[in-house]
Every structure is written in C-alpha cells, then in structure tokens.
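Note sheet for the following structure.
This is the structure:
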C-alpha cells in the first residue's frame, strides 16, 4: 500500500539532542496528526528504521510517512497547473469536474487526476484541498500536498483575496456594489441557499467590466461581465447574491438563470492572492476565463 511523506527534514546542526515529539511539535503538526504518526507512522532517522522514542540529534535526517486514510483511484487528467512548489499545487479546474469522489462518482474527479499526476511525476503526496469549487464552477483551486501544509494554512488563519469573473443576465447598472446580505440553507433543500436574516454574514463586492448582447434564434439577451471580490465564503454566495439582486448568472438554472447560451453557471475563480504559510511569500495567481464564458462577452 502506498505511503505519503508527512515530514522530510534535516535537523538543524546546532540543535541539541531532542525527543521525536519535541521535533514534531515544531513542524506545524496538528495534535491529531501527531497521534497518527506516533501510532501508525513509518519513521526513519538517517535512512534507518526507528521508533517514536528514538532521540534525534543535530544534522540527523528525519523522515515520517503514513498510509493515507482514504485512497482514491488514479485517473489521467489534463491538469492546467497555475503554480507548484514542494508544498502546494494550484490548479485551474475545468467546469464539469468534481473536486473529489462521492458515493456515486468514484473516478475522474480532480482528486483522482492530481494523484495520477503525483504518481507520474514521482511525488509522494496526498490530496488536501484548501478550498473547494462547485462542479460547474471553473477556476483556481489550491491543494496542499501534505496535511502538515493544510494545517499550516489553518493555524496561520491565512486570508485569501479571491476574485471571480461572472456573467449575469441583464444589464447591471455600471456602479460598484457591495452586497451584504446573510445567506442560509433554503428550507426543504439540502443544496439551495437563499438570503435570510437568520443566515450567516456574507459580503460580496461587485464591479462592472463590460456589456454584451447575444442574438440567437431571433431572441436577444443582454449580459453583464462583472468581477466579484469575496469577503466571506458562504456556499453559492455569488450565485445567491446576484440572483437576489435580480441578475442571475447566465446558465444558473438553480437560481433563475437560463441554459440557452451556456450550459453551466457562468462563474470562474479568476484570481487569488495570499501569503504562503510555509515560506511567507506573497503569491498573486490568476487563471484565464474559459471559452464558454468568453463567448458570451465577445
């Protein structure tokens, strides 16, 4: 069974003899992961098998591996890689691709494709998405290569500046908007959300990029290209806010849009910027809008 490398480090040469537990605590490891490493980890020091009780010295090469809690099958996938280093992988996800397997869909999700990519590039990592996109939303997804990196994002309370391209039906007034309406789950539905005073706070800033009119089968439809800056991350936030405003996303038939011009909600996670939790580097990443959305505004 495959294993994933959780820790691979050379202990600082000026470090005095320390316990394994002390070294691990300095590596942004969650308590749950430390417990798994202690009980199930495969540990080597200087390429020699050892145990949790072994003392570690300055200059030692420490490696800890775990068998993944859940293994997914591998599916070849043409990944659009926006950025990659030893800690994270950033993908421009195509519309129509699920993030990870479900009870009914086991293959050809982003998780299957990323794990196949790791195998083909001889990388021993797991799939740890930092955030998720709906199946039919395209754009940037950040994936931590190990649970250690995922935990570092959480521990440092990493803030993401996330901006989306969206195309709405109708001609939205050309003034910047701030939508500050709480969002909650719609009664009787496990999927649909709506604006309600009993929901959780949700804020979306909307700016106008441009307009276009499409004519098809003797019908005319006005579209507005907008950019949405998220200050919160509620489920379906952009879709719900713009629909409540009276301008549903093109193709979003769940919230009042129509499928005549595009077969999915016209929403694309275009830009994200954040401080890398492991290197503290400021990253500003972007992904081009896909063709089906460009066709509505060109």
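In our numbering, the protein residues as written are 852 to 1149.
The beta-carbon is built from N, C-alpha and C at its ideal position, and this holds for glycine as well.
If you're wondering where the values come from, they're calculated on a predicted model, not measured in any experiment.
Quick check on residue 910: buried or exposed, where buried means 16 or more other Cβ atoms within 10 Å of its Cβ?
Classified as exposed, residue 910 has fewer than 16 neighbouring CB atoms from the shown chains inside 10 Å of its CB.
Nearest neighbour of residue 912, chosen from 939, 872, 859 and 944 [CA to CA]
Shortest Cα-Cα distance from residue 912 to any of 939, 872, 859 and 944 involves 859.
With a CB to CB cut of under 7 Å and the five nearest residues on each side skipped, what residues in its chain are close to residue 889?
Setting aside the 5 residues that flank it on each side, residue 889 is surrounded in the same chain by 903, each with a C-beta closer than 7 Å to its C-beta; the list follows chain order.
Could you please give the first and the last residue of the uninterrupted beta strand (DSSP E) stretch that includes residue 998?
Annotation: residue 998 is outside any beta strand (DSSP E); the continuous alpha helix (DSSP H) that includes it extends over 998 to 1006.
Taking C-beta to C-beta, are residue 1076 and residue 1060 nearer than 8 Å?
For the 8 Å CB-CB criterion, residue 1076 and residue 1060 form a contact.
Since residue 891 is in the alpha helix (DSSP H), which residue starts that stretch and which ends it?
Residue range 882 to 891 is occupied by the alpha helix (DSSP H) that includes residue 891.
Nearest CA to the CA of residue 1035: which residue from 1090, 863 and 966?
The residue with the shortest Cα to Cα distance from residue 1035 is 1090.
Counting pairs of beta carbons, one from the stretch 1118 to 1127 and one from the stretch 1007 to 1027, are three or more of them closer than 8 Å?
Result yes; three or more Cβ-Cβ pairs closer than 8 Å.
Burial state of residue 1135, where buried means 16 or more other Cβ atoms lie within 10 Å:
Exposed, since its Cβ has fewer than 16 Cβ neighbours within 10 Å.
Which of helix, strand or coil DSSP assigns to residue 962
Looking at residue 962 - three-state DSSP - the assignment turns out to be helix.
Roughly how many whole angstroms lie between the Cα atoms of residue 1023 and residue 927?
Their backbone Cα atoms lie some 41 Å apart in a straight line.
Is the beta carbon of residue 992 sitting closer than 8 Å to the one on residue 1100?
Not a contact, by the Cβ cut-off of 8 Å.
Roughly how many whole angstroms lie between the Cα atoms of residue 906 and residue 996?
Roughly 27 Å between the two C-alpha positions.
Just grab the DSSP bridge partners of residue 899 for me.
Answer is 896, bridged to residue 899.
Please check the pair residue 1085 and residue 1051, which I expect to be a contact at CB under 8 Å, by giving their CB distance rounded to whole angstroms.
A Cβ-Cβ distance of about 6 Å is found for the pair residue 1085 and residue 1051, placing them in contact under the 8 Å criterion.
Pick from 883, 895 and 884: whose alpha carbon is nearest that of residue 861?
It is 895 whose Cα lies nearest to the Cα of residue 861.
Only counting the same chain, and skipping five residues up and downstream in sequence, which positions put a Cβ closer than 7 Å to that of residue 943?
Taken in chain order, the residues that qualify are 931, 933, 990, 991 and 1138.
Own chain, CB closer than 6 Å to residue 967, minus 5 neighbours either side, in chain order
If we look at residue 967 and ignore the five residues flanking it on each side, its Cβ neighbours are 925, 926 and 927.
Within the same chain, show all residues whose beta-carbon is closer than 6 Å to that of residue 1057, passing over the 5 residues directly before and after it, in chain order.
Counting only Cβ-Cβ distances below 6 Å, and skipping sequence neighbours, we find 1028, 1077 and 1079.
Leaving out five residues on either side along the sequence, give the residues of the same chain with a beta carbon under 7 Å from the beta carbon of residue 887.
Only 917 meet the Cβ criterion.
Using the beta-carbon count (16 or more within 10 Å), is residue 1093 buried or exposed?
It is buried - the Cβ of residue 1093 has at least 16 other Cβ atoms within 10 Å.
From residue 963 to residue 1005, what does the alpha carbon distance come to, in whole angstroms?
CA-to-CA, the gap between residue 963 and residue 1005 works out to about 24 Å.
Contact defined as beta carbons within less than 8 Å: I believe residue 1000 pairs with residue 938. What is the distance between those atoms, to the nearest angstrom?
Right, their Cβ atoms sit about 5 Å apart.
Assuming contact is defined by CB atoms lying nearer than 8 Å, are residue 998 and residue 857 in contact in what I supplied?
In this structure, residue 857 lies closer than 8 Å to residue 998 by Cβ.
Work out the CA separation of residue 973 and residue 1053 for me, nearest whole Å.
Distance between the alpha carbons of residue 1053 and residue 973: 41 Å.
Can you grab the Cα-Cα spacing for the pair residue 982 / residue 873, in whole Å?
Taken atom to atom, the span from the alpha-carbon of residue 982 to that of residue 873 is near 30 Å.
Below 6 Å CB to CB, which residues in the same chain sit around residue 908 once its five sequence neighbours on both sides are set aside?
Non-local C-beta neighbours of residue 908 in its own chain, meaning closer than 6 Å and more than five positions away in sequence, comprise 868, ordered along the chain.
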